[in-house]
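Chains as they are written, first to last, in the numbering used here: chain W, 12 to 126; chain P, 8 to 118.
Glycine included, each C-beta is placed from N, C-alpha and C at the ideal position.
A short worksheet on the structure shown next.
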Amino acid sequence: EPEVTQTPSHQVTQMGQEVILRCVPISNHLYFYWYRQILGQKVEFLVSFYNNEISEKSEIFDDQFSVERPDGSNFTLKIRSTKLEDSAMYFCASRETGNYNSPLHFGNGTRLTVT
Amino acid sequence: GDSVTQMEGPVTLSEEAFLTINCTYTATGYPSLFWYVQYPGEGLQLLLKATKADDKGSNKGFEATYRKETTSFHLEKGSVQVSDSAVYFCALSSADYKLSFGAGTTVTVRA
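Quick look at the structure:
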C-alpha cells in the first residue's frame, strides 16, 4: 500500500538554526498537510497546501515557518530560526481529494529536538 | 470552531477485556469522523471512519458508530490484545477540510 514517507526520522538542531523537514506524499494525492505534536500533547494543525499554495494555516504557523513543493514529489516544511518550543514530532499528511470524507494519510513523523 | 473531546487516559486493561474510549464532538454542518491509532514509535494510522449519521466504522475488531443525536463517536473493542496498546485519537473533518484531533487516549493492555 502506498504510504507517506518523511525524512529524517529524527533531527537535532541548535536554537536559531534553520531546519527543513521533508515529506514525500502519496503520488496521486493532491492535498498536503503538516501537523505537529509536542510531547504528551494534542496533534495540532499547522498548514494545508493545495495547487502550489497554502490553503489554510493555523496561528502556530507564523513567519518563521514556510512550506514548499519544490518538485512533483517532495513537500517540505522549513523552520527559519528554531526555538526551543519548536521541539515536537512533525507529521506530514496527504489526502487524495478535497472531499472531507477522504481520510488523511500520515507519515511516521520527524522528531525535531531543538537544543 | 470544530472540536473533539475524548476520554482522558491512561487506560490500563487486561487482555480480553472490553475497551471503550468516549469521544464527543462539536462541529458546524455534517462532519466526517475518524479514529486514528499511534503505536509506540510510529506515526498516525487510520483505524476507522464514518461519514454520516448512524454509519458504523469497523476495523481490526474495533467499532465506532456516528451518533448525531448525542454528537458522539465512541470507540469499542470487545476483547483487547497486548498488541492493541497504543494512543488512540478521535478526529473530525468538516467543511474547512482540515482534521481536528482530540487529545488522545493512551491504552495499555497487560498480558
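Around the beta carbon of residue 39 of chain P, a 10 Å sphere encloses 16 or more other beta carbons of the protein chains shown; the residue is thus reported as buried.
Within the DSSP bridge table, the entry for residue 90 of chain W names W/30 and W/76 as partners.
Contact with chain P is absent for residue 78 of chain W, since none of that chain's Cβ atoms lies less than 9 Å from the residue's Cβ. Using a C-beta cut-off of 8 Å, the stretch 101-114 of chain W makes contact with the stretch 32-46 of chain W, since at least three inter-stretch Cβ pairs fall below that distance.
Following the DSSP letters along the chain, one finds residue 34 of chain P in no beta strand (DSSP E), marked with neither H nor E.
Pairing residue 67 of chain P with residue 26 of chain P, the inter-Cα distance amounts to about 13 Å.
Taking one beta carbon from each stretch, the stretch 18-36 of chain P and the stretch 116-123 of chain W have fewer than 3 pairs nearer than 8 Å; the two do not touch. Within the stretch 46-76 of chain P, 48, 49, 50, 51, 52, 53, 56, 58 and 59 place their CB atoms closer than 9 Å to a CB of chain W, listed in sequence order. Only residues of its own chain outside the window of five on either side were considered, and among them 58 have a CB closer than 6 Å to the CB of residue 68 of chain W, listed in chain order.
Residue 105 of chain W and residue 15 of chain W have their C-alpha atoms roughly 7 Å apart. Using a Cβ-Cβ cut-off of 9 Å, residue 100 of chain P counts as an interface residue toward chain W, since at least one Cβ of chain W sits closer than that to its own.
At a cut-off of 9 Å between beta carbons, residue 43 of chain P contacts chain W. From the listed residues P/37, P/10, P/46 and P/51, the smallest Cα separation to residue 115 of chain P is found for P/46. Taking the Cβ atoms as the reference, residue 99 of chain P lies roughly 16 Å from residue 44 of chain P, outside the contact range of under 8 Å. A residue is called buried once 16 or more other Cβ atoms fall within 10 Å of its Cβ, and residue 107 of chain P is buried on that count.
Look at residue 69 of chain W here: in three-state DSSP terms it is coil, with no helix or strand label.
Rounded to the nearest whole angstrom, the C-alpha separation of residue 74 of chain P and residue 88 of chain P is 27 Å.
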